[in-house]
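Report on one structure; see the data block that follows.
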Amino acid sequence: MAKKGMKIAESKGRLGVLMPGMGAVATTFIAGVEAIRRQLALPIGSLTQMGTIRLGKRTEARRPRVRDFVPLAGLENLEFGGWDLFHDDAYEAAVKAGVLEARHLDPIQDFLKGIKPMPAVFEQRFVKNLKGENIKRGKTKMDLAEQLMEDIRNFRKASGVDRLVMVWCGSTEAFLLPGTVHETLAAFEKGLRSNHPDIAPSMIYAYAALKSRVPYANGAPNLTVDAPALLELAGKLRVPVCGKDFKTGQTLLKTIIAPGLKARQLGLHGWFSTNILGNRDGEVLDDPESFRTKEESKLSVLEYILQPELYPELYKNFYHKVRINYYPPRGDNKEGWDNLDIFGWLGYPMQIKIDFLCRDSILAAPIVLDLVLFLDLAQRAPEMARRGIQEWLSFYFKSPMHAPGLYPEHDLFIQLMKLKNTLRHLRGEEMITHLGLEYYD
């Protein structure tokens, strides 16, 4: 039986989108939304804009668009802002990124030129291969956090937005393990005031967002809003958070293919993955410490999907190797090669080979859009906001955040079911179990 849905405030007024990092992903997202608003393109890849959701029995034929089923902000109500290490406006940054062609950028050039980045929080130790020129100065990291909060207030006032969401679209930071400074909010704030070396710029952005009651999504594999101190703050102020590391390219395919192998009980001896890419992300990942952060995110996927502890005959000791190589001529058009050594009936070996010529920012842009709209929805639903971590948004991430004591769910199809069942729950509709026995009574 369907029940009464959760209380959700209306989507009134304008929604601001703030992005630390105004490079390839952010400008592809912004330009894409504006092109869609002008009916120059379609929102391909966006579940919120193009996806449908089944309600009730198959015989009822109720399949509304997601955007018509839950009260999401309209694209016409989005306003954009952000921070970057470079002075380029959104048009200049988009041209330099080389993702979108002139036929998409030229008609909206004036709009993009009006979006100029605010000075960024930057520390060379965490992104060694970039040099910041448009950066903030402060005596302490708390000073920098307060400057970001001032930026948020000024953007809210100048743009006239009613609500805000922040999405990290910046570079992957150097690998960092959680330490004592990340354990509690009190320790973290003390660390901000004392310039603790293990507080990265992304954490300062997350802290500023949460203190401003702005939902935060982490699009990179950095230790950020998943630090216990920031989760404590999110819970205290009832602000939705999610992350981490946008699920694009090679890892997207792994979360599609690995569940299929497991479903058919096909074994795996090894999975070798290598990539070439030449954008700013590739340049950053050419540093071993930044690569280690990304590697940790990419390697964990297969272990959790295949569950070798439950299927030792099939997956125990499978070999998994990931490589990322910076190759400037390729730009944003990443190429990922995968070799899978699998085995089937009676142990006979087989192979799968994949060559995925993908466009990272083209795959990431609709993820940013969906996260913006869904995080805003969660903030307007008190029962969702108070939970902090929005695990139902795992669908969009390589390393999904989750409650302590749980393992992350990486299977793309389970993630999609969780997302859509959450939307059904919000609106008081029955969960879809796919049992279907009633059709044969």
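Residue 104 in my numbering sits at position 104 of the sequence shown; the count goes up by one each step and never skips. Positions of the beta carbon are idealized from the N, C-alpha and C atoms, including for glycine.
Three-state class that DSSP yields for residue i in the structure shown
i	result
T48	helix
D249	The sequence as given places Gly at residue 249; Asp does not occur at that position. Three-state DSSP puts G249 in a helix.
E188	Looking at the sequence shown, residue 188 is not Glu but Phe. In the structure shown, F188 sits in a helix (DSSP, three-state: H, G or I).
F155	helix
L223	coil
R62	strand
G32	helix
S11	coil
K254	helix
P312	helix
F318	coil
M1	Here the model assigns M1 a pLDDT of 44, short of 50, so the residue's position is not dependable, and the following value carries that caveat. Coil at M1, not helix or strand.
H196	coil
T27	helix
T422	helix
I414	helix
G428	coil
E303	helix
L435	coil
Q39	coil
L176	coil
P228	helix
E283	helix
G235	helix
D68	helix
G260	helix
Y440	helix
S171	coil
P201	helix
P404	coil
E409	coil
E183	coil
Chain D within 9 Å of residue i, Cβ atoms only
i	result
L375	Given the protein chain composition of this structure (a single chain), no chain D is represented.
Contacts around residue i, its chain only, beta-carbon distance under 6 Å, and the 5 residues preceding and following it disregarded
i	result
E183	P228
R292	F175
N339	F272 and K353
G235	G388
M118	W83 and D151
M1	Residue confidence for M1 is low, a pLDDT of 44 falling below 50, so the modelled location carries little weight and cannot support an answer.
S290	T172, A174 and V284
P308	Y315 and K316
M166	L18, A209, V214 and Y216
A41	A35
F29	A365 and V368
Strand pairing of residue i, partner residues [DSSP]
i	result
Y216	M166 and V241
V17	F80 and V165
I276	N325 and E335
L268	I342
L55	R62
Residue i: CB within 8 Å of a non-hydrogen atom of the ligand FMN
i	result
R387	Looking for the ligand FMN in the displayed structure turns up nothing, as the structure carries no ligands at all.
Residues near residue i by beta carbon distance below 8 Å, same chain, minus five either side
i	result
E438	K57
V95	L105
G304	The sequence as given places Tyr at residue 304; Gly does not occur at that position. Y407, P408, E409 and H410.
M431	N421, R424 and H425
I135	L85, P119, A120, V121 and F122
T180	A187
I204	V121, K141, L144, A145, L148 and L192
R359	V99, D332, N333 and K334
Contact set for residue i: own chain, Cβ-Cβ below 7 Å, skip 5 residues either direction
i	result
L47	V66 and D370
G132	L85, A120 and F122
F69	I53, L423 and R427
A31	A94, L100, H104, L105, I108 and L112
K262	I305 and L306
inquiry  = Suppose only complete runs of 3+ residues qualify. What are the beta strand (DSSP E) ranges in the stretch 72–153, listed by chain order?
reply    = Entirely contained in the stretch 72–153, the beta strand (DSSP E) runs reaching 3 residues are, in chain order, 78–84.
- Query: Any chance the stretch 410–419 sits against the stretch 100–108, with 3 or more Cβ pairs inside 8 Å?
  - Reply: no
Which whole runs of the alpha helix (DSSP H) in the stretch 320–400 are 4 residues long or more, in chain order? Complete alpha helix (DSSP H) runs here, min 4: 360–379 and 382–385.
* Are the stretch 262–272 and the stretch 305–323 touching by the rule of at least three beta carbon pairs closer than 8 Å? -> yes
Q.
Using a Cβ distance threshold of 8 Å, determine whether the stretch 397–405 contacts the stretch 46–66, with at least three qualifying pairs required.
A. No, the stretch 397–405 does not touch the stretch 46–66.
* Between the stretch 65–79 and the stretch 14–27, do three or more beta carbon pairs fall short of 8 Å? -> With three or more CB-CB distances shorter than 8 Å, the stretch 65–79 counts as touching the stretch 14–27.
Q) Is the stretch 219–235 touching the stretch 324–338 in the sense that three or more CB pairs, one from each, lie closer than 8 Å? A) no
query: Does the stretch 236–249 come close enough to the stretch 191–201 that 3 or more CB-CB pairs lie under 8 Å?
result: Flag = no, the stretch 191–201 and the stretch 236–249 do not touch.
Check: Within the chosen definition, does the stretch 323–330 reach the stretch 282–290 through at least 3 CB pairs nearer than 8 Å?
Finding: yes
Specify whether the stretch 375–395 and the stretch 357–366 touch according to this definition: at least 3 beta carbon pairs, one from each stretch, less than 8 Å apart. no
contact_flag[the stretch 147–162, the stretch 205–219] where n(CB pairs < 8 Å) is 3 or more | yes
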